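Presented below is the structure to which this report refers.
Shown next as structure tokens:
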């Protein structure tokens, strides 16, 4: 193996920590440092020897870093940091606001093309690996239907919505794919299904001392957009049980393509993820795509790229002949 | 949509018929003709207006065909036809003799590079989509183990082996993935499993009039390599039942990557196919990759390519902006 790929991490929440772990598992990568908007002395990286730099000084390290992995959030951080950092570095990010992807792509493409860098956006599992499977599915089975189911997984947005209800001290919400709906899809029935027909919702709620459980349950189950259209179950538990049993961030889901070939033959392609940690998995995907971003950049393929533009072989530390021999 | 991609089919068995069907489902492709070593007048394509040409005359049609899809067998046909046709056309094939892929790749690469064509080899589901999933799996979850299970599916080789036993009039054999083994893998246990621990075998046998069922069953279950190491069940049925219930060619299987991230977090990625017709599905994969082969060829990326070298977006008739908007 030649020189190691030099990686920087921008942002150090759950995603940044996951990337720090993931880099340590990759044989051909080394972590140059973590960049943060916070006071660097307040950060405590997992690796004892890892250096923390002010994000504002990132431009001083353009010659020390091959790929900067952006670990900020899609709402406030990435729309600004993405194009700014793509002017300095080849980047990878997990931008996941579906409706804004075309605008974000355009901003990154302009910045990266002008700077001669490569900016890989919207990497993770959805968008990301799920997107790739939607694409393989509809390309191969041209006559068919694609279904994405999410869960079982912790939904941060829905958990927050429950926590805002008066009388609720703490809460988590799990999105659960409907077994009935999945069975129909797997049987090749190609049903028409709304998001609420594909999923049920399960809440674990800690009440405040004087709260009325019946009122809280009613408020949850009738909440427009979030719960009203769904089959929802509400479980009341203690803060202790919530901390012990519901502190992890599991997630996952299914992409199923059901199609017909020949006269009328059923064919089903299914992809699924069962993740005990949603952020750590997303970080692992980001890190594998950092390798692809570096290879693209070195070979002069600059500008914004998505998972659709990236040949699978670029994700691996193995060379093409090894891949053909071992994995094909 | 611009001009349609012009496709030729070389070889007209189950795979060639499947490709003929698959082309009719793709909005941007048209079938120019079928090329055969048999007497063209003896072939009856599904499409009434489809022309059949002698394969020996293929060189007269180099300007009429964008991609030739090779539907011959891996043992006798492709090693010879692949390089010969890659000198004339951009090609796609389903070469699946794993051990001989490096040599076949080299022969195709030499022919295609010299001719300025693109030769995409070993396309289908295994090798093919399963290979891609093995690659995504180990690239993302660097610390883990990959498992491929095949079935439930009809195995031609094992069916033939049973048919050769004295006293057997007809037979089919299904390979079935072991539920126990899959459960362990899905639970993140990362067990070490041999092929025989991952699968069981199920035979449906029609006896000749004077045959001894006990002897036939014993002969099957103790057959070295094919059955001796497996848990095998043998069912005796009538020729009528065999024709009615066991004439289809279903197949499928699972690629599961189980890995650890962070401190010790389990993550499981699973890909599966449930195919009512193995050859029709392989044909559909070949046809989608024909589109990619054409795009690569037009953009000057010549030589031999595998599924690892091909960005997913190239498989789709949609343009990159559409893909980002609809599928990312």
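Protein chains in written order, with the numbering used here: chain D, 1 to 328; chain Y, 1001 to 1328. Here a beta-carbon is modelled for each residue, glycine too, at the ideal position from N, C-alpha and C. Treat the numbers as computed from the prediction; the structure is a model and nothing was measured.
Does DSSP classify residue 12 of chain D as helix, strand or coil? Here residue 12 of chain D sits in coil by DSSP.
Name the chain D residues that come within less than 7 angstroms of residue 1026 of chain Y, Cβ to Cβ? In chain order: 142.
Expressed to the nearest angstrom, what Euclidean distance is found between the alpha-carbon atoms of residue 1204 of chain Y and residue 256 of chain D? Residue 1204 of chain Y and residue 256 of chain D have their alpha carbons spaced roughly 31 angstroms apart.
Contact set between residue 267 of chain D and chain Y, taken where Cβ atoms lie within less than 8 angstroms: The contacting residues are 1273, 1274, 1275, 1276, 1277, 1280, 1281, 1284.
Classification of residue 990 of chain Y by the beta-carbon crowding that lies within 10 angstroms, buried from 16 upward: Outside the displayed range of chain Y (1001 to 1328) lies residue 990 of chain Y, so it cannot be described from this structure.
Within this structure, are the beta carbons of residue 1046 of chain Y and residue 1009 of chain Y separated by less than 8 angstroms? No, Cβ-Cβ distance for residue 1046 of chain Y and residue 1009 of chain Y is not below 8 angstroms.
Rounding to the nearest angstrom, what Cα-Cα distance links residue 139 of chain D and residue 1324 of chain Y in this structure? Approximately 15 angstroms between the Cα atoms of the pair.
According to DSSP, is residue 1069 of chain Y part of a helix, a strand, or is it coil? Residue 1069 of chain Y: strand per DSSP, three-state reduction.
What first and last residue would you give for the alpha helix (DSSP H) that runs through residue 78 of chain D? Residue 78 of chain D: member of the alpha helix (DSSP H) spanning 78 to 86, first to last residue.
Answer with buried or exposed for residue 63 of chain D, where buried requires no fewer than 16 other C-beta atoms within 10 angstroms of its C-beta. Residue 63 of chain D is exposed by the Cβ-count criterion.
Measuring alpha carbon to alpha carbon, tell me which residue in D:288, D:165, D:183, D:150 is nearest residue 177 of chain D. Closest option to residue 177 of chain D, judged by alpha-carbon separation, among D:288, D:165, D:183, D:150: D:150.
Residue 1175 of chain Y versus residue 1239 of chain Y - alpha carbon distance: Each residue's Cα considered, the two are about 21 angstroms apart.
Write down the C-beta distance between residue 1052 of chain Y and residue 1034 of chain Y rounded to the nearest angstrom, noting that I regard them as a contact closer than 8 angstroms. Right, the Cβ-Cβ distance comes to about 5 angstroms (below 8 angstroms), so this counts as a contact.
To the nearest angstrom, report how far apart residue 1208 of chain Y and residue 1074 of chain Y are at their CA atoms. Our two residues, residue 1208 of chain Y and residue 1074 of chain Y, have alpha carbons roughly 33 angstroms apart in a direct line.
First and last residue of the uninterrupted beta strand (DSSP E) at residue 140 of chain D: Segment 129 to 140 is the alpha helix (DSSP H) holding residue 140 of chain D; no beta strand (DSSP E) there.
Are the C-beta of residue 1163 of chain Y and some C-beta of chain D separated by less than 8 angstroms? False, the Cβ-Cβ gap to chain D never drops below 8 angstroms.
Say whether chain D places a C-beta atom closer than 8 angstroms to the C-beta of residue 1101 of chain Y. Closer than 8 angstroms to some Cβ of chain D, the Cβ of residue 1101 of chain Y qualifies, so yes.
Name the residue from Y:1118, Y:1219, Y:1144 whose alpha carbon lies nearest to the alpha carbon of residue 1164 of chain Y. For the residues Y:1118, Y:1219, Y:1144, the minimum Cα distance to residue 1164 of chain Y belongs to Y:1219.
Counting only runs of 3+ residues fully inside the region 179 to 212 of chain D, write out the beta strand (DSSP E) ranges in chain order. Under the rule that a run must span 3 or more residues, the beta strand (DSSP E) segments found entirely inside the region 179 to 212 of chain D read 199 to 207.
Are the CB atoms of residue 18 of chain D and residue 283 of chain D nearer to each other than 8 angstroms? For residue 18 of chain D and residue 283 of chain D, yes; Cβs fall inside 8 angstroms.
Since residue 1305 of chain Y contacts residue 1120 of chain Y with CB under 8 angstroms, what's their CB separation in whole angstroms? Their Cβ separation, rounded to whole angstroms, is 5 angstroms, which keeps residue 1305 of chain Y and residue 1120 of chain Y in contact under 8 angstroms.
Close beta carbons around residue 125 of chain D, own chain, < 7 angstroms, minus the five adjacent residues each side: 273, 281, 282, 285, listed in sequence order.
Determine the direct distance from the alpha carbon of residue 293 of chain D to that of residue 299 of chain D, and round the result to whole angstroms. For residue 299 of chain D and residue 293 of chain D, the distance between alpha carbons rounds to 10 angstroms.
Just to check my reading of the structure: residue 1215 of chain Y and residue 1242 of chain Y have Cβ atoms closer than 8 angstroms, yes? What is that Cβ distance to the nearest angstrom? So it is not a contact: roughly 20 angstroms between Cβ atoms.
How would you call residue 1251 of chain Y, buried or exposed, if buried means at least 16 neighbouring beta carbons within 10 angstroms? With a 10 Å radius around the Cβ and a threshold of 16 neighbouring Cβ atoms, residue 1251 of chain Y comes out buried.
According to DSSP, which residues form a beta bridge with residue 1267 of chain Y? For residue 1267 of chain Y, which the question treats as bridged, DSSP gives the partners D:275, Y:1259.
From residue 1229 of chain Y to residue 1196 of chain Y, what does the alpha carbon distance come to, in whole angstroms? If I take the Cα positions, the gap works out to 6 angstroms.
How would you list, in chain order, the residues of chain D whose beta-carbon sits under 9 angstroms from the beta-carbon of residue 1134 of chain Y? In chain order: 326, 327, 328.
Quick one: grab the DSSP three-state call for residue 19 of chain D. Residue 19 of chain D: helix per DSSP, three-state reduction.
CA nearest to the CA of residue 107 of chain D, picked from D:311, D:67, D:87: When only C-alpha atoms are compared, the closest one is D:87.
Report the option in D:245, D:16, D:85, D:134 whose CA atom is closest to the CA atom of residue 253 of chain D. If we check each option's Cα against that of residue 253 of chain D, D:134 comes out closest.
Among residues of its own chain, excluding the 5 on either side of residue 1334 of chain Y, which ones have a beta-carbon nearer than 8 angstroms to its beta-carbon? As shown, chain Y starts at 1001 and ends at 1328. That puts residue 1334 of chain Y outside it, with no answer to give.
Mind pulling the chain D residues with CB within less than 9 angstroms of residue 1129 of chain Y? Close to residue 1129 of chain Y, with beta-carbon spacing below 9 angstroms, are these residues of chain D in chain order: 136, 140, 269.
Looking at chain D, is there any beta carbon in it that lies within less than 8 angstroms of the beta carbon of residue 1309 of chain Y? At least one chain D Cβ lies under 8 angstroms of residue 1309 of chain Y.
Residue of Y:1021, Y:1060, Y:1096, Y:1146 minimising C-alpha distance to residue 1267 of chain Y: When C-alpha distances from residue 1267 of chain Y are compared across Y:1021, Y:1060, Y:1096, Y:1146, the shortest belongs to Y:1146.
Return the residue from the list D:57, D:38, D:48 that minimises the CA-CA distance to residue 72 of chain D. Taking each of D:57, D:38, D:48 in turn and checking the Cα distance to residue 72 of chain D, the smallest one comes out for D:38.
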